[in-house]
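First the structure, in the form of structure tokens, and then the observations on it.
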Amino acid sequence: MMNEKVRALLNDQINKEFYSAYLYLDFSNYFSQAGLDGFANWYKIQAEEERDHALLFYQFLQNENQPVTLEAIAKPDKIINTNMDVLRAGLEHEEYVTSLINAIYDEAHKDKDYRTMQFLDWFVKEQGEEETNANDLISKMELFGSDPRGLYLLNQELAARVYSAPSLVL
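Per this note's numbering, the sequence shown starts with residue 3, numbered consecutively.
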């Protein structure tokens with residue numbers, strides 16, 4: 003039987019992952035309006051990933067015969083004035099999500115809930131990758147973003163990204 007606190011945290015994480023998808027769609031929209039379709043593509047794919055993460059938490063709870071509670075998803079509230087604001091907000095958000103995953107893992111560990119810990123192992127690794135990607139994007143923007151040709155090439159690189167659904171087996 004799953005600990006009530008672990009169950010509540012997992013349910014809350016579904017909402018947080020859907021919020022992440024909304025946030026990244028908002029970022030994609032910002033870049034689309036700025037004419038940076040590659041950046042828009044990159045964040046749209048990020049939104050798809052976050053949506054699928056929410057569905058993985060949803061499916062895990064169902065597989066564990068636990069009730070799923072869906073709550074309202076908050077409107078993104080980041081104030082964006084520059085391209086770099088988006089990138090920094092993205093990194094900040096990924097660090098926040100990492101803290102949420104770690105908190106669930108910690109609670110599952112306290113309760114010796116090994117199935118939940120095993121499920122979360124993939125997310126721990128994924129968050130490391132997400133933070134690295136966000137940091138790399140900031141570094142590239144700092145290096146090339148102030149030069150129109152460099153920004154064009156970076157935009158082209160990001161336009162080439164394609165979505166690959168997570169391969170986590172539940």
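Beta carbons: idealized from backbone N, C-alpha and C, even for Gly.
> Leaving out five residues before and five after THR71 in sequence, what residues of the same chain have Cβ atoms less than 6 Å from its Cβ?
Replying inline: ASN13
> What are the boundary residues of the alpha helix (DSSP H) that LYS46 is part of?
Replying inline: 39–65
>> Which of the three DSSP states is assigned to ASP174 in this structure?
In response: With the chain covering 3 to 172 only, the question about residue 174 has no answer from this structure.
> What number of angstroms, rounded off, separates the C-alpha of ASP113 from the C-alpha of ASP123?
Replying inline: 16 Å
> In whole angstroms, what separates the C-alpha of ARG62 from that of ASP149?
Replying inline: According to the sequence as given, residue 62 is Phe; it is not Arg. So the two alpha carbons sit approximately 46 Å from each other.
> Whose C-alpha, out of ASP54, ALA36 and ALA74, is nearest the C-alpha of PRO168?
Replying inline: ASP54
> By how many angstroms is the C-alpha of GLN48 removed from the C-alpha of LEU160?
Replying inline: 12 Å
> Under 8 Å, do VAL126 and LYS18 count as touching if we go by C-beta distance?
Replying inline: no
> GLU50: which of ILE103, ASP28 and ASN85 sits nearest, CA to CA?
Replying inline: ASP28
>> Could you check whether PHE146 and LEU153 sit closer than 8 Å to each other, using their CB atoms as the reference points?
In response: yes
> Since LEU11 and ILE106 are thought to touch, with beta carbons under 8 Å apart, how far apart are those beta carbons, to the nearest angstrom?
Replying inline: 4 Å
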